[in-house]
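With the numbering used here as the guide, the letters of the sequence shown map in order to residues 18 to 428.
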Amino acid sequence: MNIPSLSHRARKTPPSPIRRLAGLAQQAASRGVKVHRLNIGQPDVSSPPEFLAGVASYHEKVVAYEASQGSQHLLDSWCQTLNRDYDIGITPEQMLITMGASEALIFSFMVCCDPGDEILIFDPTYANYIGFSAISGVRLVPLPCTLEEKFALPAREQIEAYISPYTRAVLLCNPNNPTGTVATDDELRMLIDLVRERDLFLIVDETYREFVYDGLAPRCIYELAPKDPRMIVVDSLSKRFSLCGARIGCMMTWHQEVRQAAFHIAQARLAAPSIDQVAAASMLDAIGPSYLQGAIEEYRGRRDAAVGALSALPGVETYTPQGGFYLLAKLPVEDAEDFASFMLTDFSHHGATTFVAPAAGFYMRPGAGKSTIRIAFVLNRDDTEKAIAVLGEGIKAYQHRKGLSAGRGAA
């Protein structure tokens with residue numbers, strides 16, 4: 018019997034490198050192994066009580082659809098928060114509430130590009146951008162950034178060399194996932210000048226905007242390019258307030274045609290979650306600065322613990338990220354995915370193992386990142402150090418196994 022084949026889009030959409038080994042981690046846990054999860058950006062910092070109070074305050078008898086553009090209360094509260102912190106003059110007319118930053122990015126791809134058009138990205142990149150490109154039919158063009166240069170942006174002339182007649186936008190994640198790199202003001206101004214001169218959009222994913230360290234100040238692109246219609250900002254409450262499951266994000270643009278086109282797509286999907294929007298608006302109205310200040314300091318300490326522990330492992334290469342809560346580390350192994358699987362299927366140390374994300378899935382260039390992992394420093398400092406100590410023991414065990422295998426093969 019003939020069975021219809023899948024679409025080209027479905028075949029091109031890759032599995033998430035962040036979640037691909039999750040089944041192995043579940044199996045390890047079912048065997049009684051404690052799994053230190055450094056693979057995914059799921060914070061263990063408590064969500065704000067102001068959000069949970071907002072959920073508890075919902076007393077409607079029917080959970081109805083919210084407006085497609087988002088709750089007016091949330092739009093007003095989010096704009097007020099942004100203008101208080103960055104003085105960018107944003108109003109609800111420039112904003113659209115989305116189901117997390119992910120939906121805002123998909124909307125941005127779909128309204129800025131036709132299938133086959135191109136968006137320049139900096140490689141390594143957030144792995145789900147690759148999935149979004151497959152869904153939308155957009156081609157991502159990777160510009161290489163290197164660990165040796167701490168993943169700094171390429172020079173302008175290097176970026177311009179990748180621009181083609183099909184290029185429609187440049188996409189920047191700032192601070193970056195997976196590298197933790199924070200773009201300097203000079204780099205941001207360079208990108209702003211570039212897209213203005215080449216008539217492109219600049220899509221800036223600011224999901225981790227507030228998580229910057231070592232005296233750096235958080236930066237919104239609209240501070241440097243006020244009300245510029247070429248700029249599209251993607252934002253989210255997920256990481257900032259430890260609300261990953263609430264799925265509340267937004268898209269901001271002064272380009273009214275872009276906003277209107279995205280709104281039409283939003284109407285087709287109806288609305289973002291109603292109760293979460295009520296709770297988010299209530300939280301933004303009530304929360305003080307201490308929550309975010311405490312979270313930033315906590316992640317800075319976790320970063321330092323992760324970098325210190327990794328730097329003590331023989332053969333591991335890493336760096337100190339300036340923002341976000343991720344870093345990349347090059348391991349003394351040939352295949353990080355095989356190693357990550359080994360850690361979950363064949364290894365434990367004192368009843369524990371460590372779950373890391375193979376970094377090859379964050380690179381678009383074939384063969385890049387094969388020996389590299391991404392670590393999310395989302396566990397408390399003690400657990401982070403324990404997890405990386407277990408990782409070190411796993412590297413030794415893996416190297417020993419591979420050395421024995423190589424010897425047998427040679428014989």
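Even for Gly, the Cβ is constructed at its ideal location relative to N, Cα and C.
Applying the 10 Å Cβ sphere with the 16-neighbour rule, what's the burial state of residue i?
i: Met18; result: exposed
i: Lys78; result: exposed
i: Lys403; result: buried
i: Lys244; result: exposed
i: Ile107; result: buried
i: Pro306; result: exposed
i: Leu219; result: buried
i: Leu208; result: buried
i: Val13; result: Outside the shown range of the chain, which is 18 to 428, sits residue 13, and nothing can be said about it.
i: Ala423; result: Any reading at Ala423 is ruled out, since the residue's pLDDT is 40, under 50, leaving its predicted position unreliable.
i: Ala357; result: buried
i: Asp202; result: exposed
i: Pro66; result: exposed
For residue i, verify whether its CB is less than 7 Å away from any heavy atom of the ligand ADP.
i: Ala298; result: In the structure shown, the ligand ADP is absent, as is every other ligand, since no ligand is present at all.
Please return the same chain residues whose Cβ sits closer than 6 Å to the Cβ of residue i, not counting the five positions on each side in sequence.
i: Phe68; result: Ala296, Met300
i: Ser64; result: Ser259, Leu260
i: Ala428; result: Its pLDDT being 27, under 50, Ala428 is placed unreliably by the model, and nothing is read from it.
i: Phe457; result: No information on residue 457 is available, as it lies outside the stretch 18 to 428 that the chain covers here.
i: Thr337; result: Val324
i: Leu189; result: Val221
i: Cys130; result: Val155, Arg185
i: Ala27; result: none
i: Phe139; result: Leu160, Cys162
Ignore the nearest five residues each way along the sequence and tell me which others in residue i's own chain have a CB closer than 8 Å to its CB.
i: Ala169; result: Cys162, Thr198, Glu204
i: Ser24; result: none
i: Leu361; result: Leu38, Leu41, Ala42, Gln44, Ala45, Val52, Thr370, Phe372
i: Trp271; result: Gln111, Lys244, Asp245, Pro246, Met248
Taking residue i as part of the beta strand (DSSP E), name the residues at either end of that continuous run.
i: Pro159; result: 156-161
i: His417; result: Element bounds for His417: not the beta strand (DSSP E) but the alpha helix (DSSP H), 398-427.
i: Val275; result: Counting along the chain, Val275 falls outside any beta strand (DSSP E), though it belongs to the alpha helix (DSSP H) covering 273-285.
i: His367; result: Note, His367: premise wrong, no beta strand (DSSP E); not H, not E.
i: Ser253; result: 248-253
i: Val187; result: 184-190
i: Arg320; result: Arg320 -> not in any beta strand (DSSP E); alpha helix (DSSP H) instead, spanning 306-328.
How many Å lie between residue i and residue j at the Cα?
i: Gly40; j: Arg226; result: 31 Å
i: Thr30; j: Ala393; result: 24 Å
i: Ala288; j: Gly266; result: 12 Å
i: Leu344; j: Ile20; result: 44 Å
i: Arg185; j: Pro383; result: 23 Å
i: Leu157; j: Val187; result: 10 Å
i: Ala298; j: Val373; result: 35 Å
i: Val52; j: Leu396; result: 12 Å
i: Leu421; j: Gly58; result: Here Leu421 scores only 47 on pLDDT, less than 50, and its place in the model is too uncertain to base an answer on.
i: Met268; j: Ala172; result: 28 Å
i: Arg48; j: Leu38; result: 16 Å
i: Asp302; j: Lys167; result: 38 Å
i: Tyr75; j: Arg236; result: 34 Å
i: Asp355; j: Asp93; result: 48 Å
i: Pro195; j: Tyr308; result: 24 Å
i: Ser253; j: Arg418; result: 43 Å
i: Ser388; j: Thr401; result: 21 Å
i: Ala376; j: Arg206; result: 29 Å
From the DSSP output, read off the bridge partner residues of residue i.
i: Tyr343; result: Ala393
i: Met381; result: Answer by DSSP bridge pairing: none, since Met381 is not bridged.
i: Pro375; result: Ile390
i: Arg213; result: None; Arg213 has no bridge partner.
i: Thr115; result: Gly266
i: Ile138; result: Pro159
i: Asp222; result: Cys190, Val251
i: Lys51; result: Ala369
i: Glu334; result: Lys347
i: Val229; result: Gly340
Can you give me the start and stop residues for the alpha helix (DSSP H) that residue i sits inside?
i: Cys96; result: 89-103
i: Ile176; result: 173-177
i: Val295; result: 291-303
i: Phe68; result: 66-73
i: Thr362; result: 353-362
i: Arg26; result: 25-29
i: Tyr146; result: 144-153
i: Ile107; result: That residue, Ile107, is in no alpha helix (DSSP H); it is neither H nor E in DSSP.
i: Glu240; result: 238-241
What residues in its chain sit with their C-beta under 7 Å from that of residue i, if we drop five residues either side in the sequence?
i: Phe364; result: Thr370, Gly411, Ala414
i: Arg398; result: Gly318, Arg319, Ala322
i: Cys96; result: Ile107, Thr108, Pro109, Met112
i: Val212; result: Val187, Phe218, Leu219, Arg247
i: Ser85; result: Phe280, Ala283, Gln284, Leu287, Ala288
i: Val407; result: His53, His366, Ala369, Thr370, Thr371
i: Ile313; result: Glu227, Phe228
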